[in-house]
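Student: Structure provided below as structure tokens; questions to follow.
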Amino acid sequence: MAPITDTLCYAWQSRRAWWFTATARTRARFARTLFGSFWLGLSNLLSIAALAVVYGIVFKVESFSTYVVFLGLGLTVWNGISLSLSSSPTLFEHNSNHLHNTNINPIFYALEEWSFLVQTFLQSFILIILALSLIQHSLIRNFLLLSWLPLINLFAFFFWAPLIVCLLGARYRDLYQLVPIVLQLVFLLSPILYEKERLGPLMWTATFNPLYQILSSLRDGLISGQIQWVPVLVGLLINIVGFILSLWLLEKERRHLPFLV
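If you want the working numbering, it's the position in the sequence shown, counting the first as 1, plus 18.
Structure (structure tokens):
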């Protein structure tokens with residue numbers, strides 16, 4: 019446990035550096051644009067509007083306004099989850115020169131990527147909450163009062179899951195090819211565009227779908243104003259185990275990383 023403790027101490031001591039570099043990436047991404055990072059939320063709003071019209075007609079929803087909120091929150095959270103996993107193969111490859119020529123602890127690059135994901139998600143998610151609150155006025159109140167623990171679960175997942183995928187994929191490159199395929203299948207089987215009841219006899223798949231459970235605990239809490247404690251606490255336990263496992267795997271592969279990327 020000593021190497022993991024040292025890594026955590028280093029992560030805390032360098033927190034200003036990796037948070038600043040992530041912020042600089044966000045600013046550079048939208049340099050010389052009129053709306054800047056607001057494009058993250060605006061692009062999501064356009065996608066939500068288009069998909070709500072199409073799938074609202076396809077599924078013949080009873081209340082279009084309720085469906086827009088359901089779809090908008092689900093799609094925004096899923097985009098964050100999908101981005102975290104789809105970007106994981108390049109977690110260390112983008113910093114291969116530093117890994118080859120410096121002795122900076124690799125946790126720095128993992129935390130920089132995590133910070134970038136959190137900043138990107140919040141910039142989009144808050145704008146979506148504000149827009150959808152015009153339809154369901156309780157969203158802002160529920161967001162401020164009830165979203166903290168589900169958000170902690172989501173942000174914890176943003177760290178350990180991509181890190182594990184990246185470290186395993188560095189040795190077994192086939193994993194990188196599987197990530198987009200698995201994400202597409204999980205998206206289609208997850209009640210994001212449709213209600214869980216529409217899965218019929220396959221409804222049990224949503225219960226054992228960890229990505230959907232992270233998404234639904236946040237979305238359902240925002241919509242209903244009630245926290246589902248069992249999935250939230252189970253998710254918290256899984257995140258703790260995943261966090262420890264990712265740090266252990268990072269320490270195990272740390273000496274080999276320069277030769278794998």
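Every residue gets a Cβ at the ideal spot worked out from N, C-alpha and C, and that includes glycine.
Taking the CB atoms as reference points, tell me whether T25 and I125 lie closer together than 7 Å.
Tutor: Closer than 7 Å, so yes.
Student: Within the chosen definition, does the segment 211-229 reach the segment 116-136 through at least 3 CB pairs nearer than 8 Å?
Tutor: Flag = no, the segment 211-229 and the segment 116-136 do not touch.
Student: Pick out whichever of L58, I66, L63 and L268 has its Cα sitting closest to the Cα of A179.
Tutor: With distances taken between Cα atoms, A179 lies closest to L268.
Student: Under a Cβ-count criterion, where at least 16 other Cβ atoms within 10 Å of its own Cβ denotes burial, should P198 be classed as buried or exposed?
Tutor: Per the 10 Å Cβ criterion, exposed.
Student: With distances taken Cα to Cα, identify the nearest neighbour of L109 among L185, E215, Y230 and S242.
Tutor: The shortest Cα separation from L109 among L185, E215, Y230 and S242 belongs to L185.
Student: Considering only C-alpha positions, which residue in the set Y85, P228 and L162 is nearest to E213?
Tutor: Per the Cα distances, Y85.
Student: By DSSP, does Y194 sit in helix, in strand, or in coil?
Tutor: Note: Y194 maps to helix in three-state DSSP.
Student: Buried or exposed: where does Q202 fall if 16 or more other Cβ atoms within 10 Å of its Cβ makes it buried?
Tutor: Exposed, by the Cβ-count rule.
Student: Do you know offhand how far R137's Cα is from V204's?
Tutor: At residue 137 the sequence reads Gln, which differs from the Arg that was named. Going by the C-alpha atoms only, they are around 24 Å apart.
Student: Can you tell me the Cα-Cα spacing of V248 and Q231, whole angstroms?
Tutor: Taking the straight line from one Cα to the other gives about 11 Å.
Student: Below 8 Å on the Cβ atoms is my guess for F9 versus T94; work out the distance and round it to an integer in Å.
Tutor: Past the boundaries of the shown model lies residue 9; the chain is included only from 19 to 279, so the question cannot be answered.
Student: Assuming N160 and G243 are in contact, meaning their beta carbons sit under 8 Å apart, how far apart are those beta carbons, in whole angstroms?
Tutor: Going by Cβ atoms, the distance from N160 to G243 rounds to 5 Å, so yes, they are a contact pair.
Student: Please report the residue range of the alpha helix (DSSP H) in which Y85 lies.
Tutor: F82 to S104 is the extent of the alpha helix (DSSP H) around Y85.
Student: CB-CB under 6 Å to L167, same chain, minus the five flanking residues each way: which ones, in chain order?
Tutor: The residues are V250.
Student: Would a C-beta distance cut-off of 7 Å place S83 and I158 closer than the cut-off?
Tutor: No, these two residues do not count as a Cβ contact at 7 Å.
Student: Compute the distance between the beta-carbons of I245 and L164, then report whether it is under 7 Å.
Tutor: Yes. Within cutoff.
Student: Go to K270, then tell me how far its alpha helix (DSSP H) extends in each direction, as first and last residue.
Tutor: First-last of the alpha helix (DSSP H) with K270: W247 to E271.
Student: Is L233 closer than 7 Å to W96 when the C-beta atoms are compared?
Tutor: Against a cut-off of 7 Å, the Cβ pair of L233 and W96 comes out as a contact.
Student: Spatial neighbours of P276 within its chain, please: CB distance less than 6 Å, with the 5 preceding and 5 following residues excluded, ordered by chain position.
Tutor: Here the set comprises L117 and H118.
Student: Could you please give the first and the last residue of the uninterrupted alpha helix (DSSP H) stretch that includes F126?
Tutor: Start and end: I125 to L150.
Student: Could you work out which residue in R50, W30, A149 and R34 is closest to I66 when comparing CA atoms only?
Tutor: Ranking the options by Cα distance to I66, first place goes to A149.
Student: How is the alpha helix (DSSP H) around F228 delimited, first residue to last?
Tutor: At residue 228 the sequence reads Pro, which differs from the Phe that was named. Counting along the chain, the alpha helix (DSSP H) containing P228 begins and ends at P228 to S242.
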